[in-house]
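Residue 38 is where the sequence shown starts when you use our numbering, and the numbers rise one by one after that.
Virtual Cβ for every residue (Gly too), placed ideally from N, Cα, C.
Remember, it's a predicted structure, so these values are computed and weren't measured experimentally.
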Amino acid sequence: MKLGKAFSDSLIIGVKAATRFGKPKAASWWLGAGRALLFTSILFVALFVLLWRLFTLTIIRGHEFRVLAEGNRTRELIRGAPRGRILDRTGRVLADNEPVGNYDYKRVYPAGSGASHVVGYTGEVTADELARDYYKLRSYRAGDRIGRMGAEAVWEERLRGRDGRELVEVDANGTPTRTLGRVEEVPGEDVTLAVDKGLAAAALAAFPPDGKGAIVVSRPMSGEILTLYTSPTFDANIFSTTLAGETADELFENPELPMLNRAIGGIYPPGSTFKIVTAIAGLEEGSLTANTRIEDTGELVIGPFRFPNWFFTKYGKTDGLVDIIKAIQRSNDIFFYKAGESLGITKLAAWGRRVGIGSPLGIEIPGETGGLMPDPAWKARHFDTEVDREARNDQWYLGDTYHVAIGQGYLLTTPLQVNVWTNVIANGGKLCRPTIEKAKESRVKSQECKELGIKKETIDVITDGMKRACEPGGTGWPLFEFKVMSAESKVKSEQNAATDSSTLHSTLLTPDLLVPVACKTGTAEFGDPQNRTHAWFTAFAPIEDPEISVTVLVEGAGEGSDKAAPVAKKILEEWFSR
């Protein structure tokens with residue numbers, strides 16, 4: 038059916054009219070009031086969002102953004118606190134600070150290589166350390182420096198200061214324009230050591246340039262350490278340079294071990310210096326007396342083993358009939374072999390431990406070792422394999438006792454321990470804990486010095502033997518009739534030199550100061566393929582009311598009288614010529 042025929046014309050006209058006039062009216066409304074309403078709604082929502090944002094920024098988070106704004110305008114600067122100085126016993130500087138920029142310092146060590154192992158050095162705190170509670174609680178920050186060795190490490194908390202803070206206003210470039218507030222830094226506390234800067238320099242100059250070993254100088258009555266020198270050494274100032282990390286790696290990887298404090302951490306057979314201990318033990322236990330005499334036969338033979346005296350080995354001669362004073366004077370091995378045999382290893386080892394062998398002495402510096410005081414029980418534990426037992430290596434033999442009695446065999450000690458048992462004789466029988474801190478006046482009466490219960494007669498006999506060792510006929514020949522120019526002589530010398538050169542002869546005739554010295558030499562075998570020996574020398578002076586004791590070890594250098602004694606002599610000259 039055609040459309041025109043299905044609907045009337047009037048219906049079609051009505052529909053057209055509705056289409057033509059009805060829809061434009063609705064569109065007009067939308068373009069007018071509807072659009073305005075929509076725009077108003079959007080504007081209202083946007084305004085609400087802006088107002089809410091403004092409210093959030095100013096009211097809710099206002100404080101936060103004010104702080105951020107202030108942070109862009111101000112800076113907090115850390116003002117590094119100077120570390121406390123380290124001073125020697127007379128107030129001379131061993132460690133100081135040098136300004137770097139406006140807010141920091143670097144550490145400097147005026148004593149150089151002579152005191153590095155005792156003074157120590159500082160290094161930057163590591164990330165691992167910063168993560169530990171100890172450093173967190175003490176407010177350490179990245180970049181801070183802490184003590185890494187010696188006194189720097191021991192007294193870190195006293196030496197470290199408290200950093201200051203400065204609040205400054207900055208411009209757009211971050212340049213400070215004015216100070217808004219400041220908390221002053223608090224410098225660290227100065228620490229005074231027992232160390233003597235002059236003796237440290239003398240030790241450095243006296244020790245063989247290419248030698249290895251150690252020097253320990255102390256005050257016998259208090260245990261104060263005047264010098265603790267190790268060779269090879271290092272200059273602590275290098276740790277304050279920009280190449281510190283690279284240099285430290287080189288030092289720690291050096292096969293010569295310059296970072297090892299040989300004075301307290303190196304262990305060696307003490308050689309004949311140990312005869313002092315054997316003498317103490319024998320006299321105190323009653324197996325020896327001042328009148329005991331033993332014939333020097335040149336050597337003792339036990340089965341296939343020979344135990345010679347050094348004098349017989351070197352010159353083919355003997356010392357004849359020997360008492361304990363002559364045995365110490367001549368360092369006679371035959372006497373001390375027999376002394377060890379009559380005493381027995383158990384009692385000898387007990388006295389060795391009593392004077393400090395086998396455990397650390399307690400000096401403040403990290404790295405001390407205790408050495409080894411062997412006995413049958415130790416040997417049984419040490420040689421405990423089936424092979425050892427089958428070979429009977431685990432048993433203690435008389436030859437083992439012979440070796441220990443003269444400071445050889447399994448016996449191992451530190452130079453510090455040798456110095457301490459030297460002091461036991463010098464101070465009348467007390468074991469004083471060694472210390473690098475300057476002692477108070479009451480030090481000797483305190484628990485730091487322990488009475489060992491040694492009889493005065495024992496001390497007197499051993500002192501007499503050590504005195505004669507430093508006299509003609511003894512083994513300590515470099516110290517025979519040891520003299521130094523007295524203070525009075527030095528004054529006269531200067532006056533004469535200033536007055537007239539013709540008075541030089543009279544200056545040389547000015548009486549010198551004769552200083553009585555008690556000493557003991559030591560030459561220790563250590564299994565070297567080239568048969569080299571360690572050179573030892575230990576001494577104290579003056580004999581009455583001793584002021585100083587000196588112990589010297591030169592590794593693999595030969596005889597103590599030739600190589601170690603001259604070093605000790607220079608140290609004593611430095612001390613007594615003041």
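Three-way DSSP call (helix, strand, coil) for residue 502 in this model: Here residue 502 refers to the residue found at position 465 of the sequence shown. Looking at residue 502 - three-state DSSP - the assignment turns out to be helix.
Could you spell out the range, first to last residue, of the beta strand (DSSP E) harbouring residue 143? Residue 143 sits at position 106 when you count from the first residue of the sequence shown. In the DSSP assignment, residue 143 falls within the unbroken beta strand (DSSP E) covering 141-145.
So residue 255 is in the beta strand (DSSP E); what residue range does that whole segment cover? Along the sequence shown, read from residue 1 onward, the residue named residue 255 stands at position 218. Unbroken beta strand (DSSP E) run through residue 255: 250-255.
Locate the beta strand (DSSP E) running through residue 475, then write down its first and last residues. By one-based count along the sequence shown, residue 475 stands at place 438. Unbroken run through residue 475: none, as it is neither H nor E.
Spatial neighbours of residue 596 within its chain, please: CB distance less than 8 Å, with the 5 preceding and 5 following residues excluded, ordered by chain position. By 1-based counting over the sequence shown, the position of residue 596 is 559. Cβ within range, chain order: 558, 560, 570, 572.
Please report the Cβ distance between residue 407 and residue 389, rounded to the nearest whole angstrom; I am assuming they are in contact, meaning their Cβ atoms lie under 8 Å. Against the sequence shown, residue 407 aligns to sequence position 370. Against the sequence shown, residue 389 aligns to sequence position 352. Cβ atoms of residue 407 and residue 389 stay farther apart than 8 Å, at about 11 Å.
Please name the residue in 234, 248, 552 whose C-alpha comes closest to that of residue 664. The chain is shown from 38 up to 615; residue 664 falls before or after that span and cannot be answered.
For the 8 Å Cβ check, are there 3 or more pairs between the segment 430-446 and the segment 304-317? With a cut-off of 8 Å, the segment 304-317 and the segment 430-446 count as touching, because enough Cβ pairs lie within range.
For residue 626, count the other beta carbons within 10 Å of its own beta carbon; 16 or more makes it buried, fewer makes it exposed. Which is it? Residue coverage of the chain in this structure runs from 38 to 615, which leaves residue 626 outside it and unanswerable.
Cβ atoms of residue 471 and residue 190: under 8 Å apart, would you say? Counting from one through the sequence shown, the residue named residue 190 turns up at place 153. Counting from one through the sequence shown, the residue named residue 471 turns up at place 434. No, Cβ-Cβ distance for residue 190 and residue 471 is not below 8 Å.
Quick one: what's residue 4 bridged to in DSSP? This structure gives no information on residue 4, because the portion of the chain shown stretches from 38 to 615.
Taking only the alpha-carbon atoms, compute the straight-line gap between residue 14 and residue 366 and give it to the nearest angstrom. This structure cannot settle anything about residue 14, because the visible part of the chain is limited to 38 through 615.
Using DSSP with H/G/I as helix, E/B as strand and the rest coil, what is residue 424? The residue labelled residue 424 in the question sits at position 387 within the sequence shown. Note: residue 424 maps to helix in three-state DSSP.
Bridge partners of residue 115, per DSSP? What you label residue 115 is simply residue 78 of the sequence shown in a count that begins at 1. Assignment of beta-bridge partners to residue 115 by DSSP yields 202.
With C-beta atoms as the reference, is residue 436 less than 8 Å away from residue 373? On the sequence shown, position 399 is the one that residue 436 refers to. On the sequence shown, position 336 is the one that residue 373 refers to. Against a cut-off of 8 Å, the Cβ pair of residue 373 and residue 436 comes out as no contact.
Taking only three categories from DSSP, how would you classify residue 297? As a first step, residue 297 is located in the sequence shown; it is residue number 260 there, counting from the start. Coil.
Which value, in whole angstroms, describes the spacing of the CA atoms of residue 85 and residue 71? Translated into positions along the sequence shown, residue 85 becomes position 48. Translated into positions along the sequence shown, residue 71 becomes position 34. Our two residues, residue 85 and residue 71, have alpha carbons roughly 21 Å apart in a direct line.
Which class does residue 123 belong to by DSSP, given the choice of helix, strand or coil? The residue you call residue 123 lines up with position 86 of the sequence shown. The answer is strand: DSSP assigns residue 123 an E or B state.
Same chain only: Cβ atoms within 6 Å of residue 555, ignoring 5 sequence neighbours per side: For the purposes of this step, residue 555 is taken as residue 518 along the sequence shown, with counting starting at 1. Contacts found: 500, 503, 504, 577, 580.
Which residues share a DSSP beta bridge with residue 159? Here residue 159 corresponds to residue number 122 of the sequence shown, with the count starting at 1. Residue pairing by DSSP places residue 159 opposite 184 in a beta bridge.
Return the bridge partner residues of residue 136 from the DSSP annotation. Locating residue 136 in the sequence shown gives position 99, counting from the first residue. Partner residues in the beta bridge of residue 136, as assigned by DSSP, are 142.
Cut-off 6 Å between Cβ atoms - residues of its own chain near residue 600, not counting five sequence neighbours on either side: For the purposes of this step, residue 600 is taken as the residue at position 563 of the sequence shown. For residue 600, where only same-chain residues beyond five positions count, the Cβ hits under 6 Å are 572, 591, 594.
Taking the alpha-carbon of residue 229 as reference, which of 261, 251, 198 has the nearest alpha-carbon? Taking the first residue of the sequence shown as 1, we reach residue 229 at position 192. The shortest C-alpha separation from residue 229 is found at 261.
Around the Cβ of residue 4, are there at least 16 other Cβ atoms within 10 angstroms (buried) or fewer (exposed)? Residue numbering for the chain in the displayed model covers 38 to 615; residue 4 lies beyond these limits and cannot be assessed.
Kindly give me the distance between the Cβ atoms of residue 110 and residue 232, rounded to whole angstroms, as I take these residues to be in contact under 8 Å. Within the sequence shown, residue 110 is the residue found at index 73, counting from 1. Within the sequence shown, residue 232 is the residue found at index 195, counting from 1. With a Cβ gap of about 51 Å, residue 110 and residue 232 do not count as contacting.
When DSSP labels each residue in this structure, what does residue 359 get in the three-state scheme? For this step, residue 359 is matched to residue 322 along the sequence shown. Three-state DSSP puts residue 359 in a strand.
Could you say which of 226, 236, 160 lies nearest to residue 120 if we only look at CA atoms? The sequence position of residue 120 within the sequence shown is 83, counting from 1. The shortest C-alpha separation from residue 120 is found at 226.
Whose C-alpha, out of 564, 237, 173, is nearest the C-alpha of residue 129? On the sequence shown, position 92 is the one that residue 129 refers to. Distances from the alpha-carbon of residue 129 to those of 564, 237, 173 put 237 closest.
Can you check which of these residues, 156, 177, 155, is closest to residue 165 by C-alpha distance? Position 128 of the sequence shown holds residue 165. Taking residue 165 as reference, the option from 156, 177, 155 with the minimal CA-CA separation is 177.
Please determine, among 491, 338, 252, the residue with the shortest C-alpha to C-alpha distance to residue 607. Position 570 of the sequence shown, counted from the first residue, corresponds to residue 607. Considering only alpha carbons, the answer is 252.
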